[in-house]
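Residue numbering for the sequence shown follows the UniProt record's numbering, starting at 1 and increasing by one per position. Glycine residues also receive a C-beta, built at the ideal position from the N, C-alpha and C atoms. Reviewing the structure listed below.
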Amino acid sequence: MIKLNKMIASDYDKYIKIAIPDYAEDKIKSGAWKKEEALKLSEQTFLEGLPERQETENEFLFCISLENETIGYVWFHFNDKESTTAFIYDFLILEEYQNQGYGSKAMSCIEEAAHEAGAKKLGLHVFAHNKRAVHVYEKSGFEFTDFSMAKDL
1 MIKLNKMIAS DYDKYIKIAI PDYAEDKIKS GAWKKEEALK LSEQTFLEGL PERQETENEF
61 LFCISLENET IGYVWFHFND KESTTAFIYD FLILEEYQNQ GYGSKAMSCI EEAAHEAGAK
121 KLGLHVFAHN KRAVHVYEKS GFEFTDFSMA KDL
């Protein structure tokens, strides 16, 4: 059974070692960042977004667990205490657990956790090259709200 466990300091350390290079790689693939600067920019993004690590106010960080094994991580955010829209900043299923339906099951748990935290709506960003994530999100009922496009010249 999939469940979410509130992230503790040791979980955060494991998460950040995966999340920073993962985000850097996505930004490189999307053409937003150059390879030489990506890791530094990614690290800066996480430090600014989570100055108090897993204890940062209005930030919700969880381990996604199957039985007692961590199979992924999620980070969602509220802009402020009055907001009713939660935004998923990061959602990842570890590679060895992908393509087994865990992403969709985890998304149900994320929706429940966001609702319990006061959300009436859940948003997210997905990189266009991440077809697997797009599939999981659409399967979970998410709809596109806008598109960004680019062309190399």
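Proximity below 7 Å, CB of residue i to CB of residue j
{"i": "G103", "j": "V126", "result": "no"}
{"i": "A150", "j": "A114", "result": "no"}
{"i": "I88", "j": "L124", "result": "yes"}
{"i": "I2", "j": "C109", "result": "yes"}
{"i": "F78", "j": "N99", "result": "no"}
{"i": "T84", "j": "K120", "result": "yes"}
{"i": "V74", "j": "F46", "result": "no"}
Assigned exposure category for residue i - 16 Cβ within 10 Å defines buried
{"i": "F147", "result": "exposed"}
{"i": "F76", "result": "buried"}
{"i": "M153", "result": "It should be pointed out that residue 153 corresponds to Leu in this sequence rather than to Met. By the neighbour-count rule (16 or more Cβ atoms within 10 Å), L153 is not buried but exposed."}
Interface flag, residue i vs chain D, CB-CB below 7 Å
{"i": "T145", "result": "The structure shown contains no chain D; it holds only a single protein chain."}
Member of the options whose CA lies at the smallest distance from the CA of residue i
{"i": "M107", "options": "F62, P21, L47, F144", "result": "F62"}
{"i": "L41", "options": "I20, D80, M7, I110", "result": "I20"}
CB-CB length for residue i against residue j, believed under 8 Å
{"i": "Y23", "j": "R53", "result": "So it is not a contact: roughly 16 Å between Cβ atoms."}
Legend entry - Every unbroken alpha helix (DSSP H) within the UniProt domain "N-acetyltransferase" (18 to 153), with a cutoff of 4 residues, ordered by chain: As summarised for the UniProt domain "N-acetyltransferase" (18 to 153), the continuous alpha helix (DSSP H) elements at least 4 residues long and confined to that stretch are 35 to 49, 102 to 116, 131 to 139, given in chain order.
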